[in-house]
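> Protein sequence lines, in the order shown, are assigned to chains W and B.
For what it's worth, my numbering labels the leading residue of the first sequence as 1, then goes sequentially.
For what it's worth, my numbering labels the leading residue of the second sequence as 1001, then goes sequentially.
Ideal placement from N, C-alpha and C gives every residue a C-beta, glycine not left out.
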Amino acid sequence: MTRLLVVDDEAEICNFLKSFFEDRDFEVQTALSGEKAMELVSTFRPQVILLDIKMGNVDGLNVLQQVKSKNPKIKVIMVTALETTDKIEQAMRLGADNYITKPLSLEYLEKDVQEKIANLAARS
Amino acid sequence: MPSQKTRSVDYHEALRDIAKSLVRLKRPERLLKMITRYIDRELGLTHAAILVYEPERSRYTIFDSKGIRKIPRSLIKFDQDYPLIRWFSSKDKETESLRQYLSKQKIREILSNGVAAKLKPETKAELSRVQRSLNDLRADIAIPGFFKDSLIGILLLGEKLSRRLFTRTEIHFFETLVHDAAIAVKTSEYHQHLIERNLELEVRKKQLEERLHEIERLRKKEQSTYYEIMKSLAQEVHAKDPYTFGHIHQVERLGVMTAEELGLDLSGKRKDVLSAGLLLHDVGKVGIPDNVLKKPGGLDREEWKIMRQHVEKGVKILEPLSDFKEVAEIVWCHHENYDGSGYPRGLKGEAIPIEARIVSVVDAFHAIVSTRCYREGRPVEVAFQELRRCAGTQFDPKVVEAFIRAMKKRPKRG
């Protein structure tokens, strides 16, 4: 089973994405903060992370940097809102594997995550 | 527990209440919020949400979501290809009866029992995708709202907290509600569209008015430029003619007063034409040699001939100015007499423009009361007598009387 970590400071968003991916046979954990996310990177060892680019006062870019320096193989998909599109370029330069804009198209989101997993499988 | 929430709801009454509000509400957002709020409060469901179509972005979004399993509003969007949307937008005859509303339970039944055998395999596959969509959206029931065959929204209902199934009555209630809401939304959209269109027209009208205003302003400016040129030209003449120098504006004022007394129409440019005629009637004098123009005492026959040329010289000066056509006409006629004894053409009565008849009277009056180098100016009463003596021969009697009336009305200067 693929391990997916959802990082967002809104619990409702975390819950929605968790049940969405669990229905598709993912193992899902959620983190409402950067620290919790880094903790789960060590303990849960996700293969894919859905990372909100802006969480309250915590910058998603910071978390991205930490994740990538810890384990560059983890696929990170940034979740952005329209007003944060200026950060996308920065995120991509910091090693993000893709980004997806809110409101999300569920089909596109699923396809993108599956694609990242296929990439992982192909490489190993 | 939710026991108090599952109390029986009087659906007929609820529908009546909501229908009343639908009519009142002009803004669809408030209406839709009211519906989800109502369902959440009265029915005790895990989730109630409304998906609406956003025409400007060709997508559906969650407009409102309520309940313990609500979905954050701006998180997801759906395009025309999303299974649930595709299902309700389909025109396939085979599935027509399954487009009034869909429930997970119904789909389960169809897919698991014999009814499914009659469906095409693609349809079955599609139904399982729809089932999955409902699952993702935490809905047990989906009720589409159409307006003229186009899907404008979907009401999603989660399961009851009591875990009981929805009854026929309830589903019928929701169908009616969604149907009415769809119409209300469409109507208010149309209404909004009309308002916007109206505003747009208002703005255009304003722009047009401003433009017209600007044109009018430019026209006025142009006119006043002509007027300035004309005034300086008139000053030039009167500077040459020491007898009338300084009185030019008095001549103009008296003439306009007389015209007003006669009840002439002075609207538009007509007043300007009259003023110009009064100011410029002697403009041709710039072409008369000083030894004739400034000669004290009487002129001989030859000199008179030269002096009279000032009329045609004046016309020649104004000729090139197309806007001064009517002014030139006044200048040409200001020495014509009412009985036809004037010059240069010997015109008679009404054939002489009224403006020229006024100029003639005012000019004569002015000559009588002004001090000349060969005589003192005479009193106004004497001038009136003289004008009346010549009324009907030199002057138009109507103009003479109007002039005298206007003069008498004039406030005496201290």
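How big is the Cα-Cα spacing for ARG1059(B) and LEU1218(B)?
For this step, residue 1059(B) is matched to residue 59 along the second sequence. For this step, residue 1218(B) is matched to residue 218 along the second sequence. Cα-Cα distance, rounded: 51 angstroms.
> Looking at the secondary structure, which residues open and close the beta strand (DSSP E) in which VAL48(W) lies?
One-based indexing of the first sequence puts residue 48(W) at position 48. Note, VAL48(W): beta strand (DSSP E), 48-52.
> So does the region 1061-1078 of chain B actually touch the region 1031-1040 of chain B, counting three or more Cβ pairs closer than 8 angstroms?
yes
> DSSP on ARG3(W), reduced to helix/strand/coil?
Translated into the one-based positions of the first sequence, residue 3(W) becomes position 3. Reduced to three states, the DSSP call for ARG3(W) is strand.
> Residues bridged to LEU1157(B) by DSSP?
Here residue 1157(B) refers to the residue found at position 157 when the second sequence is read from its first residue. ALA1048(B) and ILE1141(B), per the DSSP bridge assignment.
> Run through chain W and tell me which residues come within less than 9 angstroms of LEU1456(B), C-beta to C-beta.
Residue numbering for chain B in the displayed model covers 1001 to 1414; residue 1456(B) lies beyond these limits and cannot be assessed.
> One question on the structure: do LEU51(W) and VAL7(W) come within less than 8 angstroms of each other, judged by their Cβ atoms?
Position 51 of the first sequence, counted from the start, is the residue given in the question as residue 51(W). Position 7 of the first sequence, counted from the start, is the residue given in the question as residue 7(W). Yes, Cβ-Cβ distance for LEU51(W) and VAL7(W) is below 8 angstroms.
> Using a cut-off of 8 angstroms between C-beta atoms, extract the partners of LYS1269(B) located in chain W.
Within the second sequence, the letter at position 269 stands for residue 1269(B). Here the premise fails: no neighbours, minimum Cβ distance about 60 angstroms.
> Within 10 Å of its beta-carbon, does HIS1281(B) have 16 or more other beta-carbons around it, so buried, or fewer, so exposed?
Taking the first residue of the second sequence as position 1, residue 1281(B) is located at position 281. HIS1281(B) counts as buried, since at least 16 other C-beta atoms from the protein chains shown sit within 10 angstroms of its C-beta.
> Out of ARG1099(B), ASP1290(B) and LYS1093(B), state which residue places its alpha-carbon closest to the alpha-carbon of TRP1087(B).
In the second sequence, residue 1087(B) corresponds to position 87, counting from 1. Out of ARG1099(B), ASP1290(B) and LYS1093(B), ARG1099(B) has the C-alpha closest to the C-alpha of TRP1087(B).
> Buried or exposed: where does GLN1004(B) fall if 16 or more other Cβ atoms within 10 Å of its Cβ makes it buried?
For this step, residue 1004(B) is matched to residue 4 along the second sequence. Note that GLN1004(B) has pLDDT 45, beneath the 50 cutoff, so the model's placement of it is unreliable and the number below is only indicative. By the 10 Å Cβ count, GLN1004(B) comes out exposed.
> Thinking C-alpha only, which one of TRP1304(B), GLU1329(B) and LEU1156(B) is nearest VAL1315(B)?
Translated into the one-based positions of the second sequence, residue 1315(B) becomes position 315. Closest option to VAL1315(B), Cα to Cα, is GLU1329(B).
> Looking at the C-beta of ASN1135(B), does it have a partner C-beta in chain W at a distance below 8 angstroms?
Translated into positions along the second sequence, residue 1135(B) becomes position 135. Cβ-Cβ to chain W under 8 angstroms: yes for ASN1135(B).
> What span of residues does the alpha helix (DSSP H) with PHE44(W) cover, start to end?
Here residue 44(W) refers to the residue found at position 44 of the first sequence. Run containing PHE44(W): none; DSSP gives neither H nor E here.
> Let's test the definition: count the other Cβ atoms within 10 Å of the Cβ of PRO1144(B) and tell me whether it reaches 16, buried, or not, exposed.
In the second sequence, residue 1144(B) corresponds to position 144, counting from 1. Under this definition PRO1144(B) is a buried residue.
> Does any CB atom of chain W fall closer than 8 angstroms to the CB of SER1074(B)?
On the second sequence, residue 1074(B) is found 74 positions in, with the first residue counted as 1. Yes, because at least one Cβ of chain W sits closer than 8 angstroms to the Cβ of SER1074(B).
> Should GLU1303(B) and LYS1294(B) be called a contact, given that it needs their Cβ atoms to be closer than 8 angstroms?
By one-based count along the second sequence, residue 1303(B) stands at place 303. By one-based count along the second sequence, residue 1294(B) stands at place 294. No.
> Counting only Cβ pairs nearer than 7 angstroms, list the residues of chain B close to LEU106(W).
Position 106 of the first sequence, counted from the start, is the residue given in the question as residue 106(W). What LEU106(W) touches in chain B: ILE1076 and ASP1136.
> Taking 8 angstroms as the CB-CB cut-off, is PRO1002(B) touching chain W?
The residue given as residue 1002(B) occupies position 2 in the second sequence. Annotation note: pLDDT 43 at PRO1002(B) (below 50); position unreliable, coordinate value reported separately. Not closer than 8 angstroms to any Cβ of chain W, the Cβ of PRO1002(B) fails to qualify, so no.
> Does GLU1252(B) come out as helix, strand or coil in the three-state DSSP assignment?
Here residue 1252(B) is taken as the residue at index 252 of the second sequence, counted from 1. Correct three-state label for GLU1252(B): helix.
> Rounded to whole angstroms, how far is the Cβ of ILE1062(B) from the Cβ of GLY1153(B), which I believe are closer than 8 angstroms?
Residue mapping note: residue 1062(B) aligns to position 62 of the second sequence, counting from 1. Residue mapping note: residue 1153(B) aligns to position 153 of the second sequence, counting from 1. ILE1062(B) to GLY1153(B), Cβ: 11 angstroms. No contact.
> Could you spell out where the beta strand (DSSP E) holding ASN62(W) opens and where it closes?
The sequence position of residue 62(W) within the first sequence is 62, counting from 1. Note, ASN62(W): premise wrong, no beta strand (DSSP E); alpha helix (DSSP H) at 60-70.
> Name the residues in the region 1046-1062 of chain B whose C-beta lies less than 7 angstroms from a C-beta of chain W; which are they?
Flagged, chain order: THR1061.
> Secondary structure at LYS1066(B), three-state DSSP: helix, strand or coil?
Translated into positions along the second sequence, residue 1066(B) becomes position 66. DSSP places LYS1066(B) in strand when its eight states are reduced to three.
> Please name the residue or residues paired with ASN1476(B) in a DSSP beta bridge.
Because chain B here runs from 1001 to 1414, residue 1476(B) falls outside it and cannot be looked at.
> Could you confirm whether any beta carbon from chain A is found closer than 8 angstroms to the beta carbon of ASP1079(B)?
Within the model displayed, chain A is absent; protein chains W and B are what it includes.
> Pick from SER1370(B), ARG1132(B), GLY1342(B) and THR1371(B): whose alpha carbon is nearest that of SER1360(B)?
Locating residue 1360(B) in the second sequence gives position 360, counting from the first residue. Checked all of SER1370(B), ARG1132(B), GLY1342(B) and THR1371(B); the closest Cα to SER1360(B) is GLY1342(B).
> For ILE1071(B), decide whether its Cβ has a neighbour in chain W, counting only Cβ atoms nearer than 8 angstroms.
Stepping through the second sequence from its first residue, residue 1071(B) is reached at position 71. Yes, its Cβ sits closer than 8 angstroms to a Cβ of chain W.
> Does any residue of chain B bring its CB to less than 8 angstroms from the CB of PRO46(W)?
Taking the first residue of the first sequence as 1, we reach residue 46(W) at position 46. Chain B contact via Cβ: absent.
> Spell out whether any CB of chain B is found under 8 angstroms from the CB atom of LYS102(W).
Sequence index remark: in the first sequence, residue 102(W) carries index 102 (1-based). LYS102(W) counts as touching chain B.
> Can you tell me whether VAL1382(B) is buried or exposed? The criterion is at least 16 other CB atoms within 10 Å of its CB, across all chains shown.
Taking the second sequence and counting its residues from 1, the one referred to as residue 1382(B) is at position 382. Exposed, by the Cβ-count rule.
> Flag ASP23(W) as yes if its beta-carbon sits less than 8 angstroms from any beta-carbon of chain B, otherwise no.
Position 23 of the first sequence holds residue 23(W). Closer than 8 angstroms to some Cβ of chain B, the Cβ of ASP23(W) qualifies, so yes.
> Quickly, what does DSSP pair ILE1076(B) with across the bridge? List them, please.
Taking the first residue of the second sequence as position 1, residue 1076(B) is located at position 76. DSSP, once it has assigned bridges, lists LEU104(W) as partnering ILE1076(B).
> Between the alpha carbons of GLY1414(B) and CYS1333(B), how many angstroms are there, rounded?
Taking the second sequence and counting its residues from 1, the one referred to as residue 1414(B) is at position 414. Taking the second sequence and counting its residues from 1, the one referred to as residue 1333(B) is at position 333. The predicted position of GLY1414(B) is uncertain, since its pLDDT is 35 and thus under 50; a value taken from the coordinates is nonetheless stated next. Their Cα atoms are separated by approximately 35 angstroms.
> Would you give the residue range spanned by the beta strand (DSSP E) that PHE26(W) belongs to?
Taking the first residue of the first sequence as 1, we reach residue 26(W) at position 26. Its beta strand (DSSP E) spans residues 26-31.
> Going by DSSP in three states, ALA81(W) sits in which element: helix, strand or coil?
Position 81 of the first sequence, counted from the first residue, corresponds to residue 81(W). Secondary structure at ALA81(W): coil, using DSSP grouped into helix, strand and coil.
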